[in-house]
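This report concerns only the one structure given below.
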Amino acid sequence: MADMEQIPELITDLVPNFHVLKLPMVTRFRSITEREVMLFEGPDGWAEFSPFTEYGAAESSRWLQAALEFAGLLPGAAEAGSAGLDSAGSSSGEAVARSVTVNATLPACATSEVESILARYGSVGTVKAKVAEHGIDSLPDDLERLREFRRLFPTTALRLDANAGYGLPEALAACAEFAAFDLQYFEQPVAGVEDMARLREQLSGRGLPVVLAADESIRKAEDPLRVAELGAAEVVIVKVQPLGGITAARSVLEACGLPAVVSSALESSVGLAAGAQLAATLPRTQLSRELLGEHPACGLGTGRLLAEDVVNPDLSLSPVDGQIPVRRIVPDPQRLERLAVEPGRFDWWSTRLHECWNALRPSLPSARH
């Protein structure tokens with residue numbers, strides 16, 4: 002771990018070398034067909050910094066904090082349990098599972114593609130389908146795709162994710178249709194915590210058995226406790242990078258006291274390794290077992306959405322029959338070179354790294370002394 006008695010003024014004093022890669026995807030997801038990621042190495046190993054390109058410096062600085070922590074370049078890396086985790090998945094600190102269960106992800110695709118996309122995951126017990134790509138206007142296509150899914154997989158657990166794509170009246174109308182598909186939960190139908198709470202109340206009033214899960218409300222709200230306090234959701238979705246690292250994510254879970262699912266931010270295998278580390282140590286409660294089962298599937302199977310990763314397929318964290326290993330990833334040097342972005346994009350990410358460090362640095366404990 003780096004000596005952080007003096008927080009350096011320049012990020013290059015912490016991260017003198019980094020790589021920026023462009024990873025092609027097998028299908029469009031979040032309206033993109035290529036995923037850009039920055040990778041760098043620290044005392045504890047490789048880490049990923051990959052906020053989506055539309056995010057500003059303030060929000061993206063949490064993603065940088067997560068990467069620096071996982072690399073062992075900020076205080077908290079040891080407490081996160083990542084410092085002792087080696088490439089084989091063993092840990093000199095807390096005991097962790099050797100693998101974690103994951104769900105498959107079904108993007109907003111054509112109905113004819115449902116079977117081929119899910120076939121990439123092998124045998125899985127849980128699928129998360131994206132809906133509301135164009136808000137309520139997508140509902141007919143979403144229903145057609147879900148009917149095809151249920152025809153192919155009548156007993157597989159199904160989760161939906163709207164990425165806050167509905168207004169409140171639209172969400173209620175959509176839930177009335179989606180309830181027929183026997184959902185495990187519906188993730189973030191609406192944007193605000195208050196609207197999530199209102200929606201949950203309205204669902205109860207209409208007797209619609211739809212469990213709500215909070216994603217954006219957890220990773221973006223200033224006070225994650227509001228989700229629990231307002232009864233806005235029964236499940237929380239946590240992502241290591243948006244929350245600022247494993248340590249911060251664990252703090253959110255402890256504060257909320259709700260069943261949790263660890264999910265991906267569409268990372269390479271390097272970034273997925275941090276999520277797997279958190280997922281392997283999630284607490285199990287009676288409520289989590291009732292809602293999510295004995296071994297909750299985490300949303301870390303998104304490696305299957307990448308046509309190229311930072312390591313060979315047999316070394317990646319792409320799921321095999323619903324499981325990914327818990328271990329750190331060392332990128333393939335040849336792939337670091339072959340998948341590198343063009344110089345203009347490298348410069349853009351370099352500028353972004355400096356801007357995010359300038360936003361993050363004043364909030365670090367040692368910087369406030």
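Just so you know, we're using the working numbering here: the sequence shown kicks off at 2 and counts up by one. All C-beta atoms, glycine included, are put in the ideal place defined by N, C-alpha and C.
Identity of the residue in the options nearest residue i by Cα
{"i": "L292", "options": "V128, V125, D196 and P260", "result": "P260"}
{"i": "L130", "options": "Q203, F41, Q189 and L283", "result": "Leu is not the amino acid found at residue 130; the sequence shown has Ala there. Checked all of Q203, F41, Q189 and L283; the closest Cα to A130 is Q189."}
{"i": "F154", "options": "A277, V115, E230 and S270", "result": "V115"}
{"i": "E202", "options": "C110, L231 and D143", "result": "L231"}
{"i": "L161", "options": "L316, R146 and T34", "result": "R146"}
{"i": "Y167", "options": "E55, D142, L159 and D196", "result": "D196"}
{"i": "N313", "options": "L340, A298, L288 and L119", "result": "L340"}
{"i": "T112", "options": "R148, V327, L140 and Q185", "result": "R148"}
{"i": "G302", "options": "R290, S289 and L267", "result": "L267"}
{"i": "S218", "options": "A181, L107 and G193", "result": "G193"}
{"i": "G276", "options": "A298, L307 and R36", "result": "A298"}
{"i": "V191", "options": "G208, S270, P170 and L184", "result": "P170"}
{"i": "R152", "options": "F182, L254 and S351", "result": "F182"}
{"i": "G126", "options": "L144, F19 and T102", "result": "T102"}
{"i": "A109", "options": "A120, S139, S124 and S117", "result": "S139"}
{"i": "P52", "options": "G43, E42 and Q66", "result": "Q66"}
{"i": "V132", "options": "V311, F30, L75 and G245", "result": "F30"}
{"i": "L316", "options": "V271, G345 and E356", "result": "V271"}
{"i": "L69", "options": "Y56, E42, G345 and L283", "result": "E42"}
{"i": "L213", "options": "E134, G206, L226 and A233", "result": "A233"}
{"i": "L273", "options": "Q324, V228 and P141", "result": "Q324"}
{"i": "R336", "options": "R346, T352 and V311", "result": "V311"}
{"i": "S32", "options": "T286, R353, E134 and W349", "result": "E134"}
{"i": "A215", "options": "R199, L200 and E235", "result": "E235"}
{"i": "R199", "options": "L173, T248, A180 and W350", "result": "L173"}
Identified DSSP bridge partners for residue i
{"i": "I8", "result": "DSSP lists no partner for I8."}
{"i": "V128", "result": "A105 and L159"}
{"i": "I330", "result": "Bridge partners of I330: none, in fact."}
{"i": "S264", "result": "G300"}
{"i": "A113", "result": "Reading off the sequence shown, one finds Ser at residue 113, where the question assumed Ala. None, per the DSSP bridge assignment."}
{"i": "S100", "result": "P326"}
{"i": "E37", "result": "K23"}
{"i": "Y186", "result": "R160"}
{"i": "E42", "result": "W47"}
{"i": "V321", "result": "Q324"}
{"i": "A165", "result": "DSSP, once it has assigned bridges, lists no residue as partnering A165."}
{"i": "F400", "result": "Residue 400 is absent from the structure shown; the chain starts at 2 and stops at 370."}
{"i": "A341", "result": "L22"}
{"i": "L307", "result": "M26"}
N- and C-terminal bounds of the alpha helix (DSSP H) containing residue i
{"i": "G206", "result": "V194 to G206"}
{"i": "A275", "result": "S270 to A280"}
{"i": "A172", "result": "L169 to F179"}
{"i": "L354", "result": "P344 to L361"}
{"i": "Q66", "result": "A58 to F71"}
{"i": "A250", "result": "I247 to C257"}
{"i": "V228", "result": "L226 to E230"}
{"i": "S289", "result": "Q287 to L293"}
Delimiting residues of the beta strand (DSSP E) encompassing residue i
{"i": "I325", "result": "Q324 to P326"}
{"i": "G46", "result": "G46 to F50"}
{"i": "E149", "result": "Where E149 is concerned, there is no enclosing beta strand (DSSP E), although the alpha helix (DSSP H) it sits in stretches over L140 to L153."}
{"i": "V237", "result": "V236 to V239"}
{"i": "L213", "result": "L213 to A215"}
Beta-carbon separation (whole angstroms), residue i vs residue j, contact threshold 8 Å
{"i": "V327", "j": "R99", "result": "6 Å"}
{"i": "C176", "j": "L204", "result": "6 Å"}
{"i": "H1", "j": "I12", "result": "There is simply no residue 1 to check, as the chain begins at 2 and stops at 370 in what is shown."}
{"i": "G304", "j": "L318", "result": "5 Å"}
{"i": "Q185", "j": "A158", "result": "5 Å"}
{"i": "G300", "j": "N104", "result": "6 Å"}
{"i": "L209", "j": "F150", "result": "Not quite, the Cβ-Cβ distance comes to about 20 Å (not below 8 Å), so this is no contact."}
{"i": "E37", "j": "R346", "result": "7 Å"}
Are at least three pairs of beta-carbons, each pair with one atom in the region 262-275 and one in the region 226-245, less than 8 Å apart? yes
Do three or more CB pairs link the region 340-358 to the region 18-30 at distances below 8 Å? yes
Would you call the region 37-53 and the region 318-336 in contact, with 3 or more CB pairs under 8 Å? yes
When the Cβ atoms of the region 52-70 are set against those of the region 348-363, are three or more pairs found closer than 8 Å? yes
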